[in-house]
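In my numbering, the protein residues as written are 12 to 379. All C-beta atoms, glycine included, are put in the ideal place defined by N, C-alpha and C. Because the structure is a prediction, the values reported are computed rather than measured.
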């Protein structure tokens, strides 16, 4: 793509690297704290990974639609809808392959890729039908309205807790508990329908940064300072808002959106300055392997992890899945519990990188 920004591909590759690393940590009980999500309120570096990818989707939308002169033609409309549906389809293929134990009554409708698909679809149509000067007002409106909805429809006094928030209530009403994520101890989906609303804001922030990059295309040296100023300002606003609307990834709180958008501006601004302004090339190709084939990298990592979880190996008098077997029989004996978990995660990333490197060298890129 002629409008492609090299630093954006590198940032995407870095994000995919982080996503695979934290999703496959060998043993969650012995993972270093920064490689785990916050249990509820709070923030860790791991919590930044998914919103960073959504932020990047927003930046990429701006680059992609330049080829259509930002006109919502029937062709572009069909392209957006087709891509949205394909991302949904890929999600179900990844998580239910090879469909031997598929149960429609326990299908989890929403997940990481569906949230990306919905954000991409909404923001695409929004920016194609709305003048850019109104986008900031819309973004602010999304975050304030979401705060009001959670405060109004959550349980009085505890509207932002796991069992009492409006997100879970709506999902249970619409989908039923069997179609939700159960990893938090009760049916609650961190990619729920209602919490997709502020995720749209995360994506929209990325698009607005892309607008800024276009405005500064003749003055690239100014990008770093401006993005750092805006990033720090958003972080400060997030910390202030945290006192009444806690930073929380699992409910995608408005303060969480601002914090992640601010951090992403710092990161993208820095990478853009080093790569697109200063022309630095260190580690570029390593991250481009993931960055130019993000869907392939994510899909392969998830399919591999899921299938390893199904493949059982003998261990003592019982059997354990192959990922646990590798941790307890290879990595933990060699590196210890915490370092073994980290070594497993890094090894898993390198296996996925090697797979994608073959496609990268052959210039084969999976596009949806």
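Counting the other Cβ atoms within 10 Å of the Cβ of residue 292 gives fewer than 16, which makes it exposed.
Contact between residue 279 and residue 215 is ruled out by a C-beta separation of about 15 Å, above the 8 Å threshold.
When the beta-carbon positions are compared, residue 252 and residue 300 stay at least 9 Å from each other. The Cβ atoms of residue 138 and residue 360 lie no closer than 9 Å to each other. Taking a C-beta distance under 9 Å as the contact criterion, residue 189 and residue 198 qualify as a contact pair. For residue 222, same chain residues with a beta-carbon under 7 Å away, outside a window of 5 residues either side, are 73 and 143 in chain order.
Residue 164 has its alpha-carbon roughly 43 Å from the corresponding atom of residue 331. Around the beta carbon of residue 43, a 10 Å sphere encloses fewer than 16 other beta carbons of the protein chains shown; the residue is thus reported as exposed.
Boundaries of the beta strand (DSSP E) harbouring residue 329: 329-332, taken from the DSSP string.
Between residue 266 and residue 212, the CB-CB gap reaches or exceeds 9 Å. Pairing residue 157 with residue 352 gives a Cβ-Cβ distance that is not under 9 Å.
Setting aside the 5 residues that flank it on each side, residue 270 is surrounded in the same chain by 54, 246, 249 and 258, each with a C-beta closer than 7 Å to its C-beta; the list follows chain order. Pairwise C-beta distances place the segment 309-319 in contact with the segment 104-116, as three or more of them are shorter than 8 Å. Residue environment for residue 89: exposed (fewer than 16 other C-beta atoms within 10 angstroms of its C-beta).
Residue 95 and residue 131 have their alpha carbons spaced roughly 7 Å apart. Cβ-Cβ separation between residue 134 and residue 218: approximately 6 Å, consistent with a contact (criterion under 8 Å).
Nearest neighbour of residue 112 by Cα position, chosen from 205, 344, 317 and 38, turns out to be 317. Beta-bridge partners assigned by DSSP to residue 324: 331. Scanning its chain for C-beta atoms nearer than 7 Å, with the 5 sequence neighbours on each side dropped, one finds around residue 153 the residues 208, 209, 211 and 212, in chain order. Per DSSP, reduced to three states, the secondary structure at residue 316 is helical.
Taking C-beta separations shorter than 6 Å and ignoring five residues to either side along the sequence, the partners of residue 273 in its chain run 242, 245 and 246, following chain order.
Per DSSP, residue 169 lies in no alpha helix (DSSP H) segment and is marked neither H nor E.
Judged by DSSP secondary structure, residue 103 falls within the alpha helix (DSSP H) whose first and last residues are 85-107. Sixteen is the threshold: when 16 or more other Cβ atoms of the shown chains lie within 10 Å of the Cβ of residue 61, as they do, the residue is buried. Residue 37 is classed as buried because its beta carbon has at least 16 other beta carbons within 10 Å across all chains shown.
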